[in-house]
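Q: This is the structure I have questions about; it appears just below.
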Amino acid sequence: MRPIGSFIAQRIPPRIKPTVRRIYHLPEDILGFLLGRRDPLTPPKGRIFFGGGPYNEIGEEFLRHFVELGDLRPDERVLDLGCGIGRMAVPLTRYLGEEGSYEGFDVFPKGISWCQENITPRYPNFRFRVADIHNKEYNPGGKFAASEYELPYDDASFDFVFLTSVFTHLLPDEVDNYLSQIRRVLAPGGRCLASFFLLNEESLGLLRSGSSTIDFKHDFGEYRTKSASTPEAAVAYPEDFIRSLYTEHGLMIDDPIRYGSWPGREDFLSYQDIVIALKRETP
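Reminder that position 81 of the sequence shown reads as 81 in full-length UniProt numbering, one-by-one numbering, no gaps.
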């Protein structure tokens with residue numbers, strides 16, 4: 001059974017979620033400020049508009065994945081697609097050296113503003129920018145279609161690209177375009193770490209048993225969603241479909257895929273399924 005708070009949160013319209021969150025956490029944030037308890041590189045809870053789970057713990061978890069699974073080195077050029085309010089950037093400030101660099105990219109201006117005001121002044125090799133991309137869940141007024149958007153970075157300009165809980169909010173044409181753009185901006189031998197909700201024999205069986213944290217009851221053939229009215233709220237894809245897209249775009253999956261706990265698995269690495277891929281020399 002899902003917690004009541006989670007049940008209610010899922011029914012709050014996306015446009016007012018940030019306001020509701022700020023009001024809810026306001027007393028705690030004020031108290032933390034007055035008592036001097038807040039780390040300057042940890043945003044107030046009321047500013048963490050999107051992304052579930054504890055801010056610092058999840059950032060530290062994924063730093064381990066970047067290093068242990070993605071072979072990230074301190075001197076590499078990193079692109080964070082969907083950086084939010086710096087959850088992954090903050091732990092990376094302690095790992096990337098002066099020779100390395102980080103670019104953060106997100107559709108939510110308030111998250112980018114916080115990062116520009118709090119991270120970049122301390123770490124000038126960490127830069128952030130807003131992308132005005134339309135997403136029904138996170139940026140309903142966005143100007144550009146994700147299915148056609150070209151990343152504002154040069155070809156072969158990154159060694160490591162990662163997307164945490166981004167493909168879980170994109171529809172098929174958008175995933176297809178993002179993979180094409182990722183291959184373009186990756187340098188030869190570059191790696192990509194991305195998280196998904198993948199549908200395969202095991203996860204489908206767990207869905208049918210009712211053990212999954214998300215039911216994905218709306219079946220659109222190439223994908224499933226938890227919401228018919230706002231599909232981008234959570235999207236699951238057949239694993240074979242994702243594998244074929246990676247192959248089509250010259251990205252070689254480094255098996256095994258690290259499956260997550262989301263459908264009710266007892267043996268897992270993280271919450272979502274983690275896919276590591278390498279850029280092939282030719283698509």
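The beta carbon of each residue, even a glycine, is placed where N, CA and C say it ideally should be.
Residues in the same chain with beta-carbon distance under 7 Å from residue 60, minus the five sequence neighbours each way, listed in chain order, please.
A: 91
Q: Give the C-beta separation of residue 212 and residue 264 to the nearest angstrom, bearing in mind that I take them to be a contact with Cβ-Cβ under 8 Å.
A: Between residue 264 and residue 212 the Cβ distance is about 5 Å, and since that is below 8 Å, they are a contact.
Q: Go ahead and label residue 183 buried or exposed: buried means 16 or more other beta carbons lie within 10 angstroms of its beta carbon, across all protein chains shown.
A: buried
Q: Nearest-angstrom Cα distance between residue 140 and residue 81?
A: 18 Å
Q: Report buried or exposed for residue 43, applying the criterion of at least 16 other Cβ atoms within 10 angstroms of its Cβ.
A: Per the 10 Å Cβ criterion, buried.
Q: With residue 58 as the anchor, note down where its alpha helix (DSSP H) starts and where it stops.
A: 55-68 is the extent of the alpha helix (DSSP H) around residue 58.
Q: Does the separation of the CB atoms of residue 168 and residue 197 fall below 8 Å?
A: Between residue 168 and residue 197, the C-beta gap is smaller than 8 Å, which places the two residues in contact.
Q: Following the continuous beta strand (DSSP E) through residue 276, name the residue where it begins and the one where it ends.
A: 273-279
Q: Using three-state DSSP, classify residue 189 as helix, strand or coil.
A: strand
Q: Confirm, please, whether the CB-CB distance from residue 223 to residue 339 is below 8 Å.
A: Past the edges of the chain, shown from 1 to 283, lies residue 339, and the structure says nothing about it.
Q: Any idea which residues DSSP pairs residue 81 with across the strands?
A: 105
Q: Taking residue 189 as the reference, give the member of 70, 278, 69 with the closest Cα.
A: Selected option, being the one with the closest Cα: 278.
Q: Pull up the distance between the alpha-carbon of residue 251 and that of residue 181, whole angstroms please.
A: 11 Å
Q: What's the call for residue 208, buried or exposed, on a 16-neighbour Cβ count within 10 Å?
A: Residue environment: residue 208 is assigned as exposed (fewer than 16 neighbouring CB atoms within 10 Å of its CB, all protein chains considered).
Q: Buried or exposed: where does residue 101 fall if 16 or more other Cβ atoms within 10 Å of its Cβ makes it buried?
A: Buried is the call here.
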